[in-house]
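Chains as they are written, first to last, in the working numbering: chain H, 215 to 433; chain A, 215 to 433.
All C-beta atoms, glycine included, are put in the ideal place defined by N, C-alpha and C.
Only a predicted model underlies this, so the values are computations on that prediction, with no experimental measurement involved.
Written as C-alpha cells, this is what we have:
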C-alpha cells in the first residue's frame, strides 16, 4: 500500500467529500484496509484565477512538504488548480492528473459530445483535453456560466440546500439539451449539488474518478 | 489563524466526520475563512488496546512529522488513543485533550451522573476524569459493552445502516435508564450512529466538542 498525499482546501468541503469517497471506494472490513492519507487542507492558496504564479509556488511548496512527510503519490481534488500542476510535479512524486483521468472516463461513456460544468479555468483545461480525445466539448452559455459560478461560491459559503440543487440540476440539463451525451462535473464543488439521478445522461464526477484512481494506485 | 495538525485514521470515517464538523463549526463565507489543516490519516497505527507501547511510539512520530510540516496545534479525534497522549505531547506542540474537554462539556450540562459510550480504553480514561470533576460515571453492563464494541467495528467496516442506529440508540437509552443525566459519545465512531434527537438526555459528542475547541484555538 502507498501513502497518498492530498493537496486540499480548494475548497474545504470538496476536500472532505473527496476523502469520504476515497473511503467509500476502498474495499475494507476494518481500519487497516484503508489508505494512509497525508493531507494539507490549505484554504489560503492564492486565487488560481487572479494570482496563478503565486498559486503555483504555494502548491509546489505544499507538494514538497507532503513528500517530505512521507507521501508517495499526490492528488489534488480541485480541477481549476490543475493549471498550476507543473509546480506540483516538480516535487518529483507521481501526480494523478484529474483532468486526464476524468477525460478518459468521459470517453469511456461512449458519448461523442460531452458537457462540462467547470470554472473558467477548469473549462480552459477540459475543452482542449476533450478535443484531443476526439470528443466535442459542450459548454454553458455566458449567463448560465455566471449562474454556475454563483452556485460554486454558495457551496463554499456552506449553502448546499435544495434550492441550490434545483439550480445546478437545471444547468446540467441545459448541457444535455444542447446535445451532451454525458456531463462532466468538472469542479469538485459541483457534485455537492448534483447526483447521477439528476440527469438523463451519464454524470462523470471528477472527484469520484480521482478517488477511484487513487484507490487503484495506492492499494 | 493557526494551522491545526490532526492525528487521524482511528478510524478513517470518524476522522472525515470530524473534519466535516470542524468546517460546519467555522464561521465562513468563503474558502479563506477556514482553518488550514495538516492531517495524517493513518489507519495503520498499532492497536491501542493490544500494542499500546508501539502505538505511543507511532503517534509520537506522527506528531513530530505534523510539527515539522507546519502544524501549530495538535488534535486527535480518537478518544481511546488518548491513553498514548504522552507520545504526542513530547512533540512539543499544544495538544487539545479530547477527554478533558469532553468531561468539561459534560459537567456544563449540569448532570450529576454521566453515561459513557466508549471502548474499554476510553472508559478507563473517562471514568477517572468524570470522578475528578465530581461527576458519577454510568457505564454499560458487560454484555451491552460487548454489543457496543460490535457496533463500533460495524462502523469501521462501513455499516452505518438504520439497524445499527436502532441498536446504538437502545444502548444509549440503557444509560439514561440507569440514571445518567447526560451521555458522552466518547468514541468518535459512536456519533456516526447516534444523534442528539435519539436521547431523552443531553448528548455530549466528543468529536463535536473537540471540533468546537479546535475552532476556538485556531481562529
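DSSP on residue i, reduced to helix/strand/coil?
| i | result |
| --- | --- |
| residue 398(A) | strand |
| residue 320(H) | helix |
| residue 350(H) | strand |
| residue 345(A) | helix |
| residue 408(A) | coil |
| residue 219(A) | strand |
| residue 239(A) | coil |
| residue 337(H) | helix |
| residue 413(A) | coil |
| residue 245(A) | helix |
| residue 431(H) | helix |
| residue 403(H) | coil |
Beta strand (DSSP E) containing residue i: first to last residue?
| i | result |
| --- | --- |
| residue 294(A) | Element bounds for residue 294(A): n/a, residue is neither H nor E. |
| residue 418(H) | 417–419 |
| residue 331(A) | 327–331 |
Going along the chain, which residues of its own chain have a beta-carbon closer than 6 Å to the beta-carbon of residue i, five neighbours each way excluded?
| i | result |
| --- | --- |
| residue 404(H) | 331 |
| residue 336(H) | 293, 294, 400, 401 |
| residue 303(A) | 309 |
| residue 327(A) | 350, 352, 393, 394, 395 |
| residue 218(A) | 249, 251, 287, 428, 432 |
| residue 426(A) | 239 |
| residue 216(H) | 286, 287, 432 |
Please list, in chain order, the chain A residues whose beta carbon lies closer than 9 Å to that of residue i.
| i | result |
| --- | --- |
| residue 387(H) | The contacting residues do not exist; residue 387(H) stays about 28 Å from chain A at best. |
| residue 223(H) | 245, 248, 250, 251 |
What span of residues does the alpha helix (DSSP H) with residue i cover, start to end?
| i | result |
| --- | --- |
| residue 389(H) | 376–391 |
| residue 358(H) | 356–370 |
Please compile the residues from chain H whose C-beta is within a distance smaller than 8 Å of the C-beta of residue i.
| i | result |
| --- | --- |
| residue 279(A) | 283, 284 |
Quick one: which chain D residues come within Cβ less than 8 Å of residue i?
| i | result |
| --- | --- |
| residue 256(H) | Judged by its chain identifiers, the structure shown contains no chain D, and its protein chains are H and A. |
Given that residue i touches chain H, what residues does it touch there, using C-beta distances under 7 Å?
| i | result |
| --- | --- |
| residue 237(A) | 226, 227, 230 |
| residue 372(A) | 242 |
| residue 363(A) | None at all; the shortest Cβ gap to chain H is about 13 Å. |
Short of 7 Å in beta carbon distance, which residues of its chain neighbour residue i, apart from the five on each side in sequence? Order them along the chain.
| i | result |
| --- | --- |
| residue 226(A) | 255, 257 |
| residue 321(H) | 347, 349 |
| residue 283(A) | 252 |
| residue 314(A) | 343 |
| residue 383(H) | 408, 412 |
| residue 420(H) | 293, 312, 316, 398, 399, 400, 402 |
Beta-carbon within less than 8 Å of residue i's beta-carbon, same chain only, minus the 5 sequence neighbours each way: which residues are those?
| i | result |
| --- | --- |
| residue 366(A) | 333, 401, 403, 404 |
| residue 390(A) | 329, 397, 413, 414, 415 |
| residue 406(A) | 227, 228, 231, 369, 374 |
| residue 270(A) | 298, 300, 301 |
| residue 240(A) | 247, 248, 249, 429, 433 |
| residue 263(H) | 294, 333, 334, 335 |
List the residues of chain A whose Cβ lies closer than 7 Å to the Cβ of residue i, in chain order.
| i | result |
| --- | --- |
| residue 360(H) | Chain A residues near residue 360(H): none, gap ~17 Å exceeds 7 Å. |
| residue 234(H) | 230 |
Report the residue ranges of all beta strand (DSSP E) runs contained in full by the stretch 250–314 of chain A; include only those spanning at least 3 residues, in chain order. Taking only runs of at least 3 residues, the beta strand (DSSP E) segments lying wholly in the stretch 250–314 of chain A are 251–255, 287–289.
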